[in-house]
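Residue numbers (the numbering used here): 1273 to 1358.
One structure is given here, and the rest of the page talks about it.
Laid out in structure tokens, this is it:
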């Protein structure tokens, strides 16, 4: 697991107040929405705001592109890494 993925897992737990979950309980390739972790659209908005605040990055694109970015911890990490490289 990369340092960025570890940070994202901590951010998910903290930003979404998931007190019953530890960052290490989240698999980097687990689906975050519907199946897997079971987050909903409100969680997605809160997570997006937390990512913007922490990393200064706002995901933009079509609904499908945004869903792909937020699908897993790994996909979010890849997106942040790609935006840092720009």
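Think of the CB as a built atom: it goes at the ideal place given N, C-alpha and C, for glycine as much as any other residue.
For clarity, every value in this text was computed on a predicted model and none was experimentally measured.
Counting along the chain, residue 1316 sits inside the alpha helix (DSSP H) bounded by residues 1313-1327. Distance from the CA of residue 1320 to the CA of residue 1331, rounded to the nearest whole angstrom, comes to 8 Å. Between residue 1345 and residue 1281, the C-beta gap is smaller than 7 Å, which places the two residues in contact.
DSSP, reduced to helix, strand and coil, places residue 1342 outside both helices and strands of the structure shown, so it counts as coil. Nearest to residue 1290 by C-alpha distance, out of 1356, 1309, 1353, 1351, is 1309. If you look at residue 1357, you'll find it isn't in any alpha helix (DSSP H); DSSP assigns it neither H nor E.
Residue 1315 is positioned such that its CB atom lies closer than 7 Å to that of residue 1288.
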